[in-house]
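One structure is given here, and the rest of the page talks about it.
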Ligand SMILES: [Zn+2]
Ligand SMILES: [Zn+2]
């Protein structure tokens with residue numbers, strides 16, 4: 046729905062030449078139809094998509110980390126040598142399984158493509 050700058054609802058109004066404009070019954074203003082209507086509806090739908098891999102790096106459930114196996118891996122941030130790890134098979138069957146590590150000390154997370 047469109048509204049006039051005066052705040053009233055614009056209604057379609059057929060002109061003598063057959064075209065339709067939006068007309069305000071409150072102030073009489075006429076606005077050409079299809080001028081800016083509907084053009085923005087599609088632009089907004091472009092949401093930012095993170096890849097499956099990027100999503101996995103963010104661990105939302107901290108309790109899940111407690112149940113993960115521990116591996117010996119050197120953290121490049123703090124130098125700690127213990128990290129929990131988990132693996133992810135990407136959707137494409139061609140791609141190798143990716144292993145993620147998360148430092149048990151500073152929680153820095155990285156991936157290892159093996
Ligand atoms: Zn108006
Ligand atoms: Zn660390």
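In the working numbering, the protein residues as written are 46 to 159. Beta carbons are placed, not taken as given, at the ideal position from N, Cα and C, and that holds for glycine.
Check: residue i C-beta below 7 Å from any heavy atom of ligand 2
i: residue 125; result: yes
i: residue 145; result: no
i: residue 48; result: no
Simplified DSSP state of residue i, which is helix, strand or coil
i: residue 107; result: helix
i: residue 57; result: strand
i: residue 63; result: coil
i: residue 134; result: coil
i: residue 153; result: coil
i: residue 115; result: strand
i: residue 68; result: strand
i: residue 121; result: coil
i: residue 127; result: strand
heavy atom of ligand 1 below 7 Å from residue i C-beta
i: residue 53; result: yes
i: residue 74; result: yes
i: residue 109; result: no
Whole-angstrom C-beta distance between residue j and residue i, which should lie under 8 Å
i: residue 128; j: residue 141; result: So it is not a contact: roughly 19 Å between Cβ atoms.
i: residue 130; j: residue 144; result: 6 Å
i: residue 115; j: residue 149; result: 7 Å
Residue i: first and last residue of the uninterrupted beta strand (DSSP E) it sits in
i: residue 77; result: 75-77
i: residue 145; result: 143-148
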